[in-house]
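Inspection log for the structure reproduced underneath, given as structure tokens.
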Amino acid sequence: MIMKHKTKIFYTAFLIVLAFVAVGQPFGAHAQDGHNRGTMTAPKTVANPKFSIERIPSLFFTYWQFKAILEAQKSRGVVRPPTQAELDALDRGDDFEPDPGPRDITLGGILYTKKNEWVIWINGQRVTPDAVPKEVLDLQVFEDYIEIKWLDEYTKQIFPLRLRAHQRFNLDARVFLPG
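Position 86 of the sequence shown, counted from 1, bears residue number 101 in our numbering, the numbering being contiguous throughout.
Structural data, given as structure tokens:
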């Protein structure tokens, strides 16, 4: 028990001495250069280069960890209030089974001219940079393929996919199919 207190006292004394050494160091450096012996002057400040907080997005995470956190925040899914039909079914005691929606994601074709000028057809629907379906959380279009993050509202799962033209992905079986 006494050793425990001695250890705490030793560490506290060590931290205090360390603090005095750290604070007193700039004054000691001025006293050694031969000028103004016996007088204490404030340390000179050095002009720092321009600092911007935007250049350091996080102090605790690496660049890749921070990017993963941002991506997880963007793709966490959609929370919606219940519909009137769901509330009525709940009042009656019925089990409400929502409509599963489309179970296939089909890429009909890609018309690519440059990074923000393209047209693709997903499930027979024309998609442009300005008109993206609500199920699409993230979409990148390239000349030969697309990378898409599709939110399945029925299962509340996000499917990151890479589709080529005339390729289909089944959400239930999780398989890629031709055409």
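Positions of the beta carbon are idealized from the N, C-alpha and C atoms, including for glycine.
Verify whether the separation of the beta carbon atoms of Trp165 and Phe157 is less than 7 Å.
Cβ atoms of Trp165 and Phe157: not closer than 7 Å.
Determine the burial state of Pro150: buried for a count of at least 16 other Cβ atoms within 10 Å of its Cβ, exposed for fewer.
For the sequence presented, residue 150 should be read as Glu rather than Pro. Its Cβ being crowded by 16 or more others within 10 Å, Glu150 is buried.
Based on Cα-Cα distance, which residue from Gln172, Leu154, Tyr169 and Asp167 lies nearest to Leu178?
Nearest of Gln172, Leu154, Tyr169 and Asp167 to Leu178, Cα basis: Leu154.
Gln182 CB to nearest chain D CB: under 7 Å?
The chain labelled as chain D is not found in the depicted structure, where only one protein chain is given.
Could you check if Ile196 is buried or exposed, using at least 16 other CB atoms within 10 Å of its CB as the buried criterion?
What is shown of the chain runs 16 to 194, which leaves residue 196 out entirely.
Which residues mark the beginning and the end of the alpha helix (DSSP H) in which Phe81 is found?
From DSSP, the alpha helix (DSSP H) with Phe81 extends over Tyr78 to Lys89.
Cα-Cα, which of Tyr26, Glu162 and Tyr169 is closest to Asp114?
Ranking the options by Cα distance to Asp114, first place goes to Tyr169.
If you compare alpha carbons, which of Gly123, Val32, Glu112 and Ile161 is closest to Pro193?
Per the Cα distances, Gly123.
I'd like to know whether the C-beta atoms of Asp167 and Leu152 end up nearer to each other than 7 Å.
No, the Cβ-Cβ distance between Asp167 and Leu152 is not below 7 Å.
I'd like the list of long-range same chain contacts for Tyr127, defined as Cβ closer than 8 Å, with 5 residues on each side in sequence excluded.
So the qualifying residues of the chain are Trp133, Val156, Phe157 and Glu158.
With a threshold of 6 Å on Cβ separation, who are the neighbours of Arg189 within its own chain once the five nearest residues in sequence on each side are excluded?
So no residue of the chain qualifies.
Asp119: which of Glu112, Leu102, Ile137 and Gly108 sits nearest, CA to CA?
It is Ile137 whose Cα lies nearest to the Cα of Asp119.
Residues in its own chain within less than 7 Å of Gly116 by CB, not counting five upstream and five downstream?
Excluding residues within five positions, the ones whose Cβ falls inside 7 Å are Glu168 and Tyr169.
Could you check the C-alpha separation between Pro144 and Asn131 for me, to the nearest Å?
Going from the Cα of Pro144 to the Cα of Asn131 covers about 7 Å.
For Lys164, which three-state DSSP category applies?
Residue state, collapsed to three classes: strand.
According to DSSP, is Val147 helix, strand or coil?
DSSP places Val147 in coil when its eight states are reduced to three.
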